[in-house]
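A.B. asks:
Numbering (this note's numbering), first residue to last: 94 to 160.
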């Protein structure tokens with residue numbers, strides 16, 4: 094499976110488990126909502142820095158989002 098798809102699925106699953114909308118999550122991560130949407134659909138290739146921003150509000154490591 095493409096790593097971008099895996100990242101997107103993990104982000105979406107963790108975000109939904111917390112009951113957050115994409116907008117809530119984007120605000121917590123400091124990323125634009127449409128960028129979060131694109132990541133969840135596997136349409137972006139985020140940098141390591143962005144993956145760290147995605148992981149922080151979820152309370153997981155960047156590596157956990159890529160597993």
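Think of the CB as a built atom: it goes at the ideal place given N, C-alpha and C, for glycine as much as any other residue.
#1: Under a Cβ-count criterion, where at least 16 other Cβ atoms within 10 Å of its own Cβ denotes burial, should residue 136 be classed as buried or exposed?
#2: What are the boundary residues of the alpha helix (DSSP H) that includes residue 153?
#3: Taking C-beta to C-beta, are residue 126 and residue 150 nearer than 7 Å?
#4: According to DSSP, is residue 140 helix, strand or coil?
#5: Report back the beta-carbon spacing between residue 159 and residue 96 to the nearest angstrom; my notes put them in contact at under 8 Å.
#6: Quick one: using the 10 Å Cβ neighbour count with 16 as the cut-off for buried, is residue 110 buried or exposed?
C.D. replies: Let me spell this out:
#1: For the purposes of this step, residue 136 is taken as the residue at position 43 of the chain shown. With fewer than 16 other Cβ atoms within 10 Å, it is exposed.
#2: Taking the first residue of the chain shown as 1, we reach residue 153 at position 60. Premise fails: residue 153 is in no alpha helix (DSSP H) and is neither H nor E.
#3: Within the chain shown, the letter at position 33 stands for residue 126. Within the chain shown, the letter at position 57 stands for residue 150. Contact: no.
#4: Mapped onto the chain shown, residue 140 falls at position 47. DSSP places residue 140 in coil when its eight states are reduced to three.
#5: In the chain shown, the residue the question calls residue 159 occupies position 66. In the chain shown, the residue the question calls residue 96 occupies position 3. Going by Cβ atoms, the distance from residue 159 to residue 96 rounds to 6 Å, so yes, they are a contact pair.
#6: On the chain shown, position 17 is the one that residue 110 refers to. Exposed, because fewer than 16 other Cβ atoms sit within 10 Å of the Cβ of residue 110.
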